[in-house]
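Please read the structure below before turning to the comments.
Chains as they are written, first to last, in this note's numbering: chain H, 1 to 157; chain A, 158 to 578.
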């Protein structure tokens with residue numbers, strides 16, 4: 001998929017201008033592309049590399065280091081369920097099992113219609129509100145199966 | 158002392174807005190710092206207050222600042238570490254979302270003290286809301302002249318940038334954080350040189366935690382003596398404890414350093430369902446686990462060190478009497494395995510091996526020798542890696558075997574049917 005058009009390239013150049021040290025623009029550029037398109041393609045990587053003036057493999061190397069970037073086909077809603085101990089003690093496991101059954105996928109998979117992807121993540125630093133689920137950029141706290149069902153059916157519409 | 162220092166206004170929703178912040182006395186400390194003190198006088202003041210880093214290591218803040226070389230022709234940087242990721246820690250999020258200007262004011266004063274004209278707030282990628290709140294607050298501060306050129310007409314130029322991470326626990330390690338801003342794979346650097354000598358873009362850099370920096374305006378507003386009078390002689394001020402796990406009211410509790418764990422547990426409403434305390438991590442899983450025998454320990458750097466643990470980030474994770482120590486530590490081992498950056502082989506291979514051993518114990522295929530094997534692996538990891546992640550991974554393993562060896566043995570012998578959680 002061709003992600004970047006001329007307007008986007010201009011926005012990438014604006015990000016680059018903000019930094020005295022060009023490589024510092026890599027993460028902000030990757031965030032920008034992901035926000036706009038949901039995932040980052042090979043072509044995007046090449047354009048970023050070209051703007052910064054380094055080998056695309058260096059961008060790939062940064063990209064693959066971080067867990068938040070998507071490179072494959074992206075779901076409309078990516079559900080990140082915290083499974084570390086503070087959430088686990090408050091029932092994160094049951095919520096994850098509920099999501100697997102409800103969406104008919106396993107952790108790590110995406111639904112056939114590309115709407116939902118389910119992942120488990122490490123501590124989201126919101127443990128007083130556990131169990132915590134993050135969907136795209138938003139935290140959903142004090143999660144229960146009832147609340148989860150409501151959120152999913154709302155998103156299914 | 159009932160009065161909070163950092164979380165004083167975080168419950169007021171409008172505190173995020175600069176007008177409310179100013180109405181509540183905000184930015185007076187910055188005005189005072191720039192007009193009444195020379196940079197080195199602020200360093201001296203903070204040193205005298207006894208403030209120590211709140212991110213985990215507890216290094217004296219004023220001392221760290223004093224290491225910044227002043228007579229070299231390089232820019233200096235201040236980085237506010239907001240990569241809060243130690244499991245069970247959620248205080249920095251409360252501060253930046255509840256009182257972002259307090260952090261910004263702290264960063265401005267601290268930057269002035271070390272001679273930095275540029276600061277970065279490095280915030281974990283998942284905190285999208287926090288990054289937005291901070292960016293809005295920075296823009297408000299720019300409009301009012303608290304950030305920018307010639308701040309308040311007092312001759313200090315200063316700018317802040319919010320820099321988002323993208324999901325990697327290791328970025329909370331200060332040198333990995335610097336590599337992350339530099340657009341590299343965030344792998345820790347070998348120290349020395351320390352960041353104060355050679356940090357961001359090879360320039361002298363101070364990296365401080367959010368809570369540490371938020372204390373700075375309060376020290377200027379009140380006095381070094383006032384701050385030093387709170388807490389214990391060597392752990393001054395308050396500490397924000399994050400209590401999670403098997404308690405009735407998980408949350409953030411700001412109390413003077415040295416407050417006994419028992420009191421904190423009472424503040425958190427006690428153990429859930431009327432159960433008994435089995436164990437707790439006093440400062441996140443990277444600090445050795447303690448047991449119900451340590452209920453009276455004072456929560457400060459020295460008292461915890463004395464009994465073989467650490468204050469860490471102040472993340473108290475509570476385990477009730479029915480929790481399985483083995484399953485809990487196995488999950489934490491998985492965490493360290495997932496978050497090891499892979500640079501140092503003892504950590505990369507060691508955490509993976511530890512997890513494999515835990516998995517076979519949980520699958521009832523454990524052998525009696527596995528307990529000593531776990532300890533041997535830890536021995537080979539400890540002290541052999543660039544950064545503290547490797548050491549941290551050994552903490553829950555070694556300490557849990559120390560206090561709960563019998564539970565390990567029973568689990569392996571298949572006699573542990575009553576503990577399933």
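Backbone N, C-alpha and C fix where the C-beta goes; we use that ideal spot for every residue, glycine too.
So which of A:445, A:378, A:543 has the shortest CA-CA distance to residue 189 of chain A?
When A:445, A:378, A:543 are compared, the shortest CA-CA separation from residue 189 of chain A is found for A:378.
Between which two residues does the beta strand (DSSP E) carrying residue 435 of chain A extend?
Going by DSSP, residue 435 of chain A is part of the beta strand (DSSP E) stretching over 434-438.
Please classify residue 578 of chain A as buried or exposed, where buried requires at least 16 other C-beta atoms within 10 Å of its C-beta.
With a pLDDT of 49 at residue 578 of chain A, under the threshold of 50, the modelled position of this residue cannot be trusted, and the question is left open.
Would you kindly report the start and end of the unbroken beta strand (DSSP E) that includes residue 373 of chain A?
Looking at the DSSP string, residue 373 of chain A is not in any beta strand (DSSP E); the run it does join, the alpha helix (DSSP H), is 367-378.
Tell me whether residue 356 of chain A sits in a helix, a strand or coil according to DSSP, three-state version.
coil
Taking the continuous beta strand (DSSP E) assigned at residue 498 of chain A, which residues delimit it?
First-last for residue 498 of chain A: undefined, no H or E at that position.
Between the segment 55-77 of chain H and chain A, which residues of the former have CB atoms less than 7 Å from a CB of the latter, in chain order?
61, 62, 65, 66, 67, 68, 69
Between which two residues does the alpha helix (DSSP H) containing residue 306 of chain A stretch?
That residue, residue 306 of chain A, is in no alpha helix (DSSP H); it is neither H nor E in DSSP.
Can you tell me whether residue 229 of chain A is buried or exposed, with buried defined as 16 or more other CB within 10 angstroms of its CB?
exposed
Keeping to the same chain, check which residues put their C-beta closer than 6 Å to that of residue 560 of chain A; ignore five residues upstream and five downstream.
448
Can you find a CB in chain H that lies within less than 9 Å of the CB of residue 529 of chain A?
no
Residue 212 of chain A CB to nearest chain H CB: under 9 Å?
no
By DSSP, does residue 77 of chain H sit in helix, in strand, or in coil?
strand
Have a look at the DSSP bridge pairing and note the partners of residue 238 of chain A.
A:279, A:366
Would the segment 271-285 of chain A and the segment 311-322 of chain A be scored as touching if the rule is three or more Cβ pairs under 8 Å?
Contact holds: three or more Cβ-Cβ distances are below 8 Å.
9 Å is my cut-off, CB to CB: does residue 403 of chain A come that close to chain D?
In the structure shown, chain D does not exist; the protein chains are H and A.
For residue 411 of chain A, name the three-state secondary structure that DSSP assigns.
strand
If the cut is a Cβ gap below 9 Å, which residues of chain H does residue 409 of chain A touch?
Neighbours of residue 409 of chain A in chain H, taken as residues at a C-beta separation under 9 Å, are given in chain order as 128.
Enumerated in chain order, which unbroken segments of the beta strand (DSSP E) with a length of 3 residues or greater are wholly contained in the segment 427-481 of chain A?
Listed in chain order, they are 434-438, 472-477.
Can you tell me the Cα-Cα spacing of residue 191 of chain A and residue 266 of chain A, whole angstroms?
Between the alpha carbons of residue 191 of chain A and residue 266 of chain A lies a distance of about 8 Å.
Take residue 387 of chain A and list the residues in its own chain whose beta-carbon comes closer than 7 Å to its own, dropping the five residues that flank it on each side.
158, 393, 394, 395, 413
Give the interface partners of residue 21 of chain H over in chain A, defined as CB-CB distance under 8 Å, in chain order.
339, 340, 358
If I measure Cβ to Cβ from residue 282 of chain A and keep anything under 7 Å in the same chain, skipping five residues before and after, which residues do I get?
321, 322, 323, 324
Should residue 126 of chain H and residue 146 of chain H be called a contact, given that it needs their Cβ atoms to be closer than 9 Å?
no
Output the distance between the C-alpha atoms of residue 549 of chain A and residue 243 of chain A, rounded to the nearest integer angstrom.
10 Å
The beta strand (DSSP E) with residue 121 of chain H in it runs from where to where?
116-121
Quick check on residue 250 of chain A - is its C-beta less than 9 Å from some C-beta in chain H?
yes
Going along chain A, which residues have a C-beta under 9 Å from residue 94 of chain H?
Result: empty, since nearest Cβ-Cβ is about 12 Å, beyond 9 Å.
With DSSP collapsed to three states, give me the class of residue 209 of chain A.
strand
Can you tell me whether residue 67 of chain H is helix, strand or coil according to DSSP?
coil
I'd like the list of long-range same chain contacts for residue 452 of chain A, defined as Cβ closer than 8 Å, with 5 residues on each side in sequence excluded.
417, 418, 419, 422, 434
Compare the C-beta of residue 165 of chain A against all C-beta atoms of chain H and say whether one is closer than 9 Å.
No, no contact with chain H.
Quick one: using the 10 Å Cβ neighbour count with 16 as the cut-off for buried, is residue 575 of chain A buried or exposed?
Because residue 575 of chain A carries a pLDDT of 48, less than 50, the predicted location of this residue cannot be relied on, and the following value inherits that uncertainty. Here residue 575 of chain A is exposed, its C-beta having fewer than 16 other C-beta atoms within 10 Å.
Pop quiz: residue 340 of chain A and residue 12 of chain H are said to be a contact at Cβ under 8 Å. What is the actual Cβ separation, rounded to whole angstroms?
With 8 Å as the limit, residue 340 of chain A and residue 12 of chain H do not qualify as a contact, their Cβ atoms being about 14 Å apart.
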